[in-house]
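The working numbering applies: residue 1 is where the sequence shown begins, and numbers increase by one.
Taking it in order: structure first as structure tokens, then the write-up.
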Amino acid sequence: VYWIWGEDTGKGELIVAPFSDFSKRKVLHTPTAEMVKHNFHFHPKDRTLLTFSEYHHYINTVCFHHSDRKDVQYLKRFRPTGHLQILDKSQDMQTWLVTYQSAENPNDAIVYHRKLKSAEFLFDMKPDLKGYINTQIGFDFAARDGLMIQAYISFPPNVPLKNPDSVPEKDREFAAQKMIPQNQQKMVVLVHGGPESRDSFEYSSENGLLTSRGYAVMQVNFRGSSGFGKRLTNEGIGEWSRKMHTDLLDAVDFAVSKGIANKSAIAIMGGSYGGYATLVGLTFTPDTFVCGIDIVGLSNLTTLLDATVVDKELIKVEYVDLL
1 VYWIWGEDTG KGELIVAPFS DFSKRKVLHT PTAEMVKHNF HFHPKDRTLL
51 TFSEYHHYIN TVCFHHSDRK DVQYLKRFRP TGHLQILDKS QDMQTWLVTY
101 QSAENPNDAI VYHRKLKSAE FLFDMKPDLK GYINTQIGFD FAARDGLMIQ
151 AYISFPPNVP LKNPDSVPEK DREFAAQKMI PQNQQKMVVL VHGGPESRDS
201 FEYSSENGLL TSRGYAVMQV NFRGSSGFGK RLTNEGIGEW SRKMHTDLLD
251 AVDFAVSKGI ANKSAIAIMG GSYGGYATLV GLTFTPDTFV CGIDIVGLSN
301 LTTLLDATVV DKELIKVEYV DLL
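Next comes the structure, spelled out in structure tokens:
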């Protein structure tokens, strides 16, 4: 049996173990910063694990078995600006359906012919959006207590960017990633729901709407988010409106300090937990955000706890320090 196991390292290791004796587990792969995610592909006959994916800033297809290595290398070269996902394979393993994650070109469908070592375009899942969606740029920053936080920044179309040689040395790595504009931007902090979820490098209609209207978009995988190991998720316990919120403030401070955002033109927006974070931002830190959009956000955690039927004890652990 294959498992995603985080007990030993705090990250989602890929392990294999007999179903009858888990103590005999064997670690097959340990990710560095992220977790083993999904997209597991097995040989249809002998169930040998062939490929799977990891996810930090961008999805990365990992070739676990040598039989697929050259094929995966070919497919990564075929669309170097996209991030490969293997969707399915034929029973004889000779025809693969793949896609490439790209914020500008969301999910082109490609068929790969293994014998011919060739790939052909099938269709674009969202052709009307070509030219309107901009790239999300993934980066890490340090929160005020030193915890490393992953985030994305997106810019409106055709925003002029600074050359790495024109910025201070400490900022050159960010300029090299094309994330420092020549002029400070109006910015929306777009907060994901969950909160045990994560923002990813992928097409987002909200992101596209905002950038097409001239706003930069900051998406932060604050503590309490999932997908980066147990520590980051557990750091969010009891931290609603506290450190989970200061992570958002630290992201804003980062953007302002790098010349990304105009300090006087920053909004906050989100749904569910993101809506709660919006209300927190507007009430607790009104000097940071000029406005906000709360989409089905929580406004009273006591009411939420009282209305919870499933996993009430688990919910109490997360909220009890706040109530």
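Every residue, glycine too, gets a C-beta built ideally from N, C-alpha and C.
Legend entry - Beta-carbon contacts of His57 that lie in its chain and below 6 Å, excluding the five residues immediately before and after: Against the sequence shown, residue 57 aligns to sequence position 57. For His57, where only same-chain residues beyond five positions count, the Cβ hits under 6 Å are Gly138.
Inset, instruction - Look at the alpha carbon of Leu323 and the alpha carbon of Ile293, and state the distance between them as a whole number of angstroms. - result: Reading the sequence shown from its first residue, position 323 is the one you call residue 323. Reading the sequence shown from its first residue, position 293 is the one you call residue 293. Model confidence at Leu323 stands at a pLDDT of 45, short of 50, so the residue's coordinates are unreliable; what they give is reported in the following sentence. Distance between the alpha carbons of Leu323 and Ile293: 25 Å.
Inset, instruction - Kindly indicate which three-state DSSP category Val98 falls into: helix, strand or coil? - result: Within the sequence shown, the letter at position 98 stands for residue 98. Correct three-state label for Val98: strand.
Inset, instruction - Tell me whether the beta-carbon of Phe289 lies closer than 8 Å to the beta-carbon of Leu279. - result: Here residue 289 refers to the residue found at position 289 of the sequence shown. Here residue 279 refers to the residue found at position 279 of the sequence shown. Not a contact, by the Cβ cut-off of 8 Å.
Inset, instruction - Can you give me the start and stop residues for the beta strand (DSSP E) that Val217 sits inside? - result: Counted from its first residue, the sequence shown places residue 217 at position 217. Taken as a continuous stretch (DSSP letters only), the beta strand (DSSP E) holding Val217 covers Ala216 to Asn221.
Legend entry - C-alpha gap between Gly193 and Met125, whole angstroms: Mapped onto the sequence shown, residue 193 falls at position 193. Mapped onto the sequence shown, residue 125 falls at position 125. Approximately 25 Å between the Cα atoms of the pair.
Inset, instruction - Assess, as a yes-or-no matter, whether the segment 194-202 is touched by the segment 219-229 under the definition of 3 or more beta carbon pairs within less than 8 Å. - result: yes
Inset, instruction - Can you tell me which of Val1, Glu7 and Trp5 puts its alpha carbon nearest to the alpha carbon of Phe19? - result: Numbered from 1 along the sequence shown, position 19 holds the residue referred to as residue 19. Cα-wise, what sits closest to Phe19 is Val1.
Inset, instruction - With DSSP as the reference, label Thr48 as helix, strand or coil. - result: For the purposes of this step, residue 48 is identified with residue 48 of the sequence shown, where counting begins at 1. Coil at Thr48, not helix or strand.
Inset, instruction - Under 6 Å Cβ to Cβ from Gly6, same chain only, skipping five residues before and after it: list those, please. - result: Position 6 of the sequence shown, counted from the start, is the residue given in the question as residue 6. Cβ within range, chain order: Gly12 and Lys230.
Legend entry - Delimiting residues of the beta strand (DSSP E) encompassing Gln91: Here residue 91 refers to the residue found at position 91 when the sequence shown is read from its first residue. Segment: none, Gln91 is in no beta strand (DSSP E) and carries neither H nor E.
Legend entry - Ser118 (DSSP reduced to helix, strand or coil): Counting from one through the sequence shown, the residue named residue 118 turns up at place 118. Residue state, collapsed to three classes: strand.
Inset, instruction - State whether the segment 135-151 contacts the segment 240-250, with contact taken as three or more CB pairs (one from each stretch) at a distance under 8 Å. - result: yes
Legend entry - Proximity of Gly275 and Leu298 at Cβ, strictly below 8 Å: Residue 275 sits at position 275 when you count from the first residue of the sequence shown. Residue 298 sits at position 298 when you count from the first residue of the sequence shown. Contact flag set, yes.
Legend entry - Rounded separation between Leu49 and Ala119 - CA only: By one-based count along the sequence shown, residue 49 stands at place 49. By one-based count along the sequence shown, residue 119 stands at place 119. Rounded to whole angstroms, Leu49 to Ala119 spans 23 Å at the Cα level.
Legend entry - Alpha-carbon to alpha-carbon, Pro157 and Asn134: Residue 134 sits at position 134 when you count from the first residue of the sequence shown. Residue 157 sits at position 157 when you count from the first residue of the sequence shown. Asn134 and Pro157: Cα-Cα distance of roughly 6 Å.
Inset, instruction - Give the DSSP-derived three-state secondary structure of Leu323 in the structure shown. - result: On the sequence shown, residue 323 is found 323 positions in, with the first residue counted as 1. Only weak support exists for where Leu323 lies, its pLDDT of 45 falling under 50; the value from the coordinates is given anyway. If DSSP states are grouped into helix, strand and coil, Leu323 belongs with coil.
Inset, instruction - With DSSP collapsed to three states, give me the class of Asp199. - result: Position 199 of the sequence shown, counting from 1, holds the residue named residue 199. In the structure shown, Asp199 sits in coil (DSSP, three-state: anything other than H, G, I, E or B).
Legend entry - Classification of Lys258 by the beta-carbon crowding that lies within 10 angstroms, buried from 16 upward: Locating residue 258 in the sequence shown gives position 258, where the first residue counts as 1. Buried, because 16 or more other Cβ atoms sit within 10 Å of the Cβ of Lys258.
Inset, instruction - Taking the CB atoms as reference points, tell me whether Ala175 and Lys162 lie closer together than 8 Å. - result: The count along the sequence shown starts at 1 and reaches residue 175 at position 175. The count along the sequence shown starts at 1 and reaches residue 162 at position 162. Cβ atoms of Ala175 and Lys162: closer than 8 Å.
Inset, instruction - Please report the Cβ distance between Ala261 and Gln184, rounded to the nearest whole angstrom; I am assuming they are in contact, meaning their Cβ atoms lie under 8 Å. - result: Start at 1 with the first residue of the sequence shown, and residue 261 comes out as number 261. Start at 1 with the first residue of the sequence shown, and residue 184 comes out as number 184. Ala261 to Gln184, Cβ: 6 Å. Contact.
Inset, instruction - Taking Ser154 as part of the beta strand (DSSP E), name the residues at either end of that continuous run. - result: Position 154 of the sequence shown, counted from the start, is the residue given in the question as residue 154. First-last of the beta strand (DSSP E) with Ser154: Met148 to Ser154.
Legend entry - Helix, strand or coil at Lys76 [DSSP, three-state]: By one-based count along the sequence shown, residue 76 stands at place 76. In the structure shown, Lys76 sits in a helix (DSSP, three-state: H, G or I).
Legend entry - Span separating the alpha-carbon of Val296 from that of Thr308: If you number the sequence shown from 1, residue 296 lands on position 296. If you number the sequence shown from 1, residue 308 lands on position 308. Near 17 Å, if we compare the C-alpha coordinates of Thr308 and Val296.
Legend entry - CB-CB length for Asn39 against Phe22, believed under 8 Å: Within the sequence shown, numbered from 1, the residue matching residue 39 stands at position 39. Within the sequence shown, numbered from 1, the residue matching residue 22 stands at position 22. Contact flag wrong, Cβ pair sits at about 24 Å.
Legend entry - Short Cβ contact (8 Å threshold) for Leu84 with Tyr74: Taking the first residue of the sequence shown as position 1, residue 84 is located at position 84. Taking the first residue of the sequence shown as position 1, residue 74 is located at position 74. No, the Cβ-Cβ distance between Leu84 and Tyr74 is not below 8 Å.
Inset, instruction - Using beta-carbon positions only, say whether Val191 and Tyr215 come within less than 8 Å of one another. - result: Locating residue 191 in the sequence shown gives position 191, counting from the first residue. Locating residue 215 in the sequence shown gives position 215, counting from the first residue. No, these two residues do not count as a Cβ contact at 8 Å.
Inset, instruction - Could you say which of Leu304, Asp46 and Val256 lies nearest to His65 if we only look at CA atoms? - result: As a first step, residue 65 is located in the sequence shown; it is residue number 65 there, counting from the start. His65 has its Cα closest to that of Asp46, out of Leu304, Asp46 and Val256.
Inset, instruction - Specify the secondary structure class of Phe254 as computed by DSSP and reduced to three states. - result: Translated into positions along the sequence shown, residue 254 becomes position 254. In this structure, Phe254 counts as helix in the three-state DSSP scheme.
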